[in-house]
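Colleague:
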Amino acid sequence: MSYISDNGIKAVCFDIDGTLYPKSQTNWILFKTSLFHLPFALKYLKMRSRMRTEDGYSDFPLSSAEEFKKREYKIMYPNGYRDFEWFKEKERRVFHSKWEKDFMSVRMFDGMSDFLSDLSQVVPIALLSDFPIGCKLKALKIEGIADYVVSSEDIGRLKPSKLPFRLLYEHFNLSPGQVLYVGDSERKDVLGARNAGMKSLLITRNKKRALTSKADIVVSSYDEMRKMLL
690 MSYISDNGIK AVCFDIDGTL YPKSQTNWIL FKTSLFHLPF ALKYLKMRSR
740 MRTEDGYSDF PLSSAEEFKK REYKIMYPNG YRDFEWFKEK ERRVFHSKWE
790 KDFMSVRMFD GMSDFLSDLS QVVPIALLSD FPIGCKLKAL KIEGIADYVV
840 SSEDIGRLKP SKLPFRLLYE HFNLSPGQVL YVGDSERKDV LGARNAGMKS
890 LLITRNKKRA LTSKADIVVS SYDEMRKMLL
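Next up, the structure:
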């Protein structure tokens, strides 16, 4: 028997960045895109960190991507030093347009594609990212494998806010405890899912993190994850 069948899991949701492919690839892309716009990039990262801190694990109503951008802008430029349209264009040029090209180079962890394909035959799958999805699924060659794909930016709140997780189990019309969330971050993924009432799986090779994690399952490899879930 598997964890899924033993615990009545009806859907499995995955973090994308750092879970389906190495976090080092994300960090390298962020470094490259930030290098020639360092003051803006550092301010941008500080802004997103502040948003996570302000929201914590609280729940919020669904909002639009445009409202999310306005909140970003107001945190970065509270005195209106730059106008909103300038900010959106700057964000697009510095990050989003370059990510569309650079993320085509990302490569999934070995065996992950086959695992997702096999898992999708057992339960529905959802994918969640705190960044725009863009071309990532095409680059990873998993277009169409998930029943639901969502970016936190499109719904107005970043993890570990409860909203992204709530939308996952609501999409499948399931109770939170029937959904397993898989990720590589204790705070954003494990504690975010736990706060929403979902089950959680942490993948990490860090032994200290593994011993102190609040996750329902902790694995150190995708082979181990496959054995646990299938």
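Numbered per my numbering, the sequence shown spans residues 690 to 919.
Glycine included, every Cβ here is placed at the ideal spot set by N, Cα and C.
Values in this document were obtained by computation on a predicted structure and should not be read as measured data.
Would you kindly check if the distance between the Cβ of E761 and the Cβ of M793 is under 7 Å?
Modeller: Not closer than 7 Å, so no.
Colleague: Consult DSSP for G881 and reduce its assignment to one of helix, strand or coil.
Modeller: Of the three classes helix, strand and coil, the one that applies to G881 here is helix, per DSSP.
Colleague: Between E761 and chain C, is the shortest Cβ-Cβ distance under 7 Å, so that the two count as touching?
Modeller: Structure shown: chain C not included; a single protein chain is present.
Colleague: Would the beta-carbon of V701 fall within 7 Å of that of V812?
Modeller: Yes.
Colleague: Output needed for R898: all residues of its chain with C-beta closer than 7 Å, excluding positions within five of it in sequence on either side, in chain order.
Modeller: Excluding residues within five positions, the ones whose Cβ falls inside 7 Å are E875.
Colleague: Name the residue from L826, E778, K779, E913 whose alpha carbon lies nearest to the alpha carbon of T893.
Modeller: The option with the nearest alpha carbon to T893 is E913.
Colleague: For the region 841-852 against the region 747-755, do three or more pairs of beta-carbon atoms, one drawn from each stretch, fall closer than 8 Å, so that the two count as touching?
Modeller: A contact exists between the region 841-852 and the region 747-755.
Colleague: Whose CA, out of K851, T901, L890, S910, lies closest to the CA of R741?
Modeller: Of the candidates K851, T901, L890, S910, the one whose C-alpha sits nearest the C-alpha of R741 is K851.
Colleague: What's the call for D791, buried or exposed, on a 16-neighbour Cβ count within 10 Å?
Modeller: Buried, because 16 or more other Cβ atoms sit within 10 Å of the Cβ of D791.
Colleague: Of all the options M801, E774, L724, which has the alpha carbon lying nearest to the alpha carbon of V783?
Modeller: The candidate whose alpha carbon is nearest that of V783 is L724.
Colleague: Exposed or buried, what is G707 when buried is set at 16 or more other beta-carbons lying within 10 Å of its beta-carbon?
Modeller: Buried is the call here.
Colleague: So for A835, helix, strand or coil by DSSP?
Modeller: Three-state DSSP puts A835 in coil, outside helix and strand.
Colleague: Can you check which of these residues, G800, D748, A730, is closest to Y710 by C-alpha distance?
Modeller: Cα-wise, what sits closest to Y710 is G800.
Colleague: At which residue ranges does the region 742-803 contain complete alpha helix (DSSP H) runs of 4 or more residues, listed in the order of the chain?
Modeller: DSSP runs (the alpha helix (DSSP H)) wholly in the region 742-803: 754-765, 773-780, 786-791.
Colleague: Assuming D836 and L919 form a contact by the criterion Cβ under 8 Å, report the distance between their Cβ atoms to the nearest whole angstrom.
Modeller: D836 to L919, Cβ: 18 Å. No contact.
Colleague: Based on the DSSP secondary-structure assignment, which residues constitute the bridge partners of S818?
Modeller: S840.
Colleague: Who are V868's beta bridge partners in DSSP?
Modeller: Looking at the DSSP assignment, V868 forms a beta bridge with A700.
Colleague: Thinking Y858 and M887 are a contact (beta carbons under 8 Å), I'd like their distance in whole angstroms, please.
Modeller: Going by Cβ atoms, the distance from Y858 to M887 rounds to 7 Å, so yes, they are a contact pair.
Colleague: Do you know offhand how far C824's Cα is from E789's?
Modeller: Cα-Cα distance, rounded: 6 Å.
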